[in-house]
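Have a look at the structure below before the remarks.
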């Protein structure tokens with residue numbers, strides 16, 4: 001209806017049709033609207049198929065997700081090259097959502113191939129596949145990738161999204177530390193608890209109305225890290241289920257307005273519905289261990305967020321992104337080597353928030369045997385959290401960064417520079433390498449270089465005639 005009303009603002013015939021008094025014959029019912037949407041879908045997809053089939057090759061990308069009703073569905077996109085006005089473009093087009101009855105490899109691969117055929121794509125031109133890294137999609141024996149390759153032998157090139165690899169670094173690292181894993185689960189429940197109800201959301205709006213549009217910034221230890229990003233958010237952002245790198249926004253908002261979140265839960269406690277949950281969540285946030293985990297994860301994930309944005313950009317340079325990933329691993333390694341100094345600032349920040357909200361600064365009880373949480377012996381509260389939370393989490397991040405962004409894949413990424421648009425970058429690297437080699441030869445054979453210069457000076461005094469060769473030899477006493 002929004003687009004119909006917008007169109008009627010400058011289409012007098014449509015405006016007269018909408019404003020007519022009779023309630024029938026307007027064709028604005030939900031059924032008619034869905035039919036219009038379906039017609040637009042067919043028209044747009046037919047143009048995508050026509051343009052893709054003019055290309056020599058194309059790749060398919062697919063990912064399984066769930067809608068708001070928890071119905072499993074598959075999103076299918078294609079990537080191809082096309083020419084327009086004597087210029088070539090690489091583009092990605094979304095083709096549609098497909099309902100999934102089962103989420104196993106056989107059902108997904110069959111669904112992808114059947115839908116591509118139904119929509120009119122020429123599968124003989126299919127060359128590449130792009131999915132996430134789960135075994136269902138990438139299994140070598142019976143994964144979706146393998147099943148499609150068995151049917152279409154030319155579709156043998158598989159690419160795992162680099163942004164998804166970075167997301168898996170965060171997921172696996174957080175899941176490897178029990179207290180961080182539990183905190184992320186609790187934070188997701190709190191954000192959903194407040195945002196899912198209109199009444200509770202109104203309470204949040206009333207508590208936050210005096211705050212205004214506040215620019216949220218990373219509150220990191222070093223001056224050069226401040227303002228890594230800033231965005232204006234007045235309400236608590238919900239926690240993304242899949243994109244863990246975007247959870248930094250929620251963590252930043254929480255730490256910026258920790259006292260306000262406690263006030264919101266206080267107000268909800270006065271309601272008859274949800275008061276027990278609000279009490280439970282408030283007691284959780286009053287735990288100093290939870291506060292330390294929030295500060296540590298926000299600090300470490302803050303380093304990953306710029307790279308995540310770079311990997312999702314349209315003009316992403318794969319080689320440069322890989323260099324940034326390696327630099328990021330080196331930065332984490334440097335923080336790890338100076339863990340005591342790095343964690344000192346984080347602990348002070350957590351202590352400041354704790355004192356502001358009357359949270360007791362303590363550490364969990366240390367027992368002789370403990371299997372469900374980190375329990376390394378420590379003399380002080382700060383030492384306990386540094387040894388049991390900060391160091392394990394950063395160790396896992398370094399490990400997973402090295403596993404998913406290894407040094408040895410960089411030469412393969414240079415194939416990206418074969419595209420005419422980026423070929424000049426290869427020229428720059430080649431010139432740098434040639435300059436290094438030239439300097440190296442001059443250094444290793446400096447005497448030969450000097451003798452050569454002397455010979456050239458001597459040649460200037462030699463008369464070159466018909467028997468020039470004999471003149472050279474006699475001059476050199478050979």
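Residue numbers (full-length UniProt numbering): 1 to 478.
Quick reminder that beta carbons are idealized off the backbone N, C-alpha and C, glycines included.
Among the options, the one whose alpha carbon lies nearest that of residue i
i	options	result
residue 164	294, 29, 401	401
residue 154	344, 145, 269	145
residue 408	319, 93, 60, 57	319
residue 166	294, 329, 382	329
residue 150	92, 126, 40, 180	126
residue 265	250, 251, 256, 286	286
residue 74	38, 116, 82	116
residue 84	237, 95, 51	51
residue 79	410, 95, 12	95
residue 106	174, 352, 141	141
residue 199	162, 269, 178, 410	269
residue 313	162, 34, 206	162
residue 346	321, 317, 383, 114	383
residue 178	393, 412, 411	393
residue 204	152, 257, 413	257
residue 180	406, 413, 388	388
residue 148	275, 413, 59	59
residue 41	28, 22, 10, 93	93
residue 156	35, 124, 20	124
Cβ neighbours of residue i in the same chain (closer than 6 Å, five flanking residues each side left out)
i	result
residue 403	none
residue 72	66, 100, 103
residue 172	400
residue 470	Note on residue 470: pLDDT 49, under 50, position unreliable in the model; the coordinate value appears next. Same-chain partners within the cutoff: there are none.
residue 214	Reliability fails at residue 214, whose pLDDT of 43 lies under 50, so the model's placement of it is uncertain and the value that follows must be treated cautiously. Around residue 214: no qualifying Cβ.
residue 61	77, 130
residue 222	Note that residue 222 scores a pLDDT of 35, beneath 50, so its modelled location is shaky and nothing firm can be said.
residue 98	74, 111, 115
residue 412	none
residue 342	335
residue 410	322
Proximal residues to residue i (C-beta, below 7 Å), its chain only, five neighbours per side dropped
i	result
residue 339	386, 390, 391
residue 350	291, 292, 295
residue 186	284
residue 316	310
Below-8 Å beta-carbon distance, residue i vs any chain B residue
i	result
residue 314	Any reference to chain B falls outside this structure, which holds one protein chain only.
Distance between beta carbons of residue j and residue i, contact taken as under 8 Å
i	j	result
residue 139	residue 159	Not really, about 16 Å apart at Cβ, beyond 8 Å.
residue 193	residue 259	With 8 Å as the limit, residue 193 and residue 259 do not qualify as a contact, their Cβ atoms being about 18 Å apart.
residue 26	residue 37	The pair is not a contact, with the Cβ atoms about 17 Å apart (cut-off 8 Å).
residue 136	residue 143	6 Å
residue 395	residue 336	7 Å
residue 298	residue 251	4 Å
Cut-off 8 Å between Cβ atoms - residues of its own chain near residue i, not counting five sequence neighbours on either side
i	result
residue 14	4, 7, 8
residue 30	none
residue 12	none
residue 168	133, 400, 404
residue 45	95, 96, 119
residue 362	288, 381
residue 183	290, 293, 294, 297
residue 20	26
Test item: CB-CB of residue i and residue j under 8 Å
i	j	result
residue 364	residue 289	yes
residue 397	residue 311	no
residue 49	residue 121	yes
residue 236	residue 284	no
residue 197	residue 238	no
residue 82	residue 55	yes
residue 108	residue 64	yes
residue 303	residue 331	yes
residue 321	residue 307	yes
Residue i Cβ short of 7 Å to the ligand SAH heavy atom set
i	result
residue 194	Ligands are entirely absent from the displayed structure, and the ligand SAH is therefore not among its contents.
*Pair every Cβ in the stretch 313–327 with every Cβ in the stretch 355–363, then say whether three or more of these pairs are closer than 8 Å.*
Fewer than three Cβ pairs drawn from the stretch 313–327 and the stretch 355–363 lie within less than 8 Å of each other, which leaves the two stretches out of contact.
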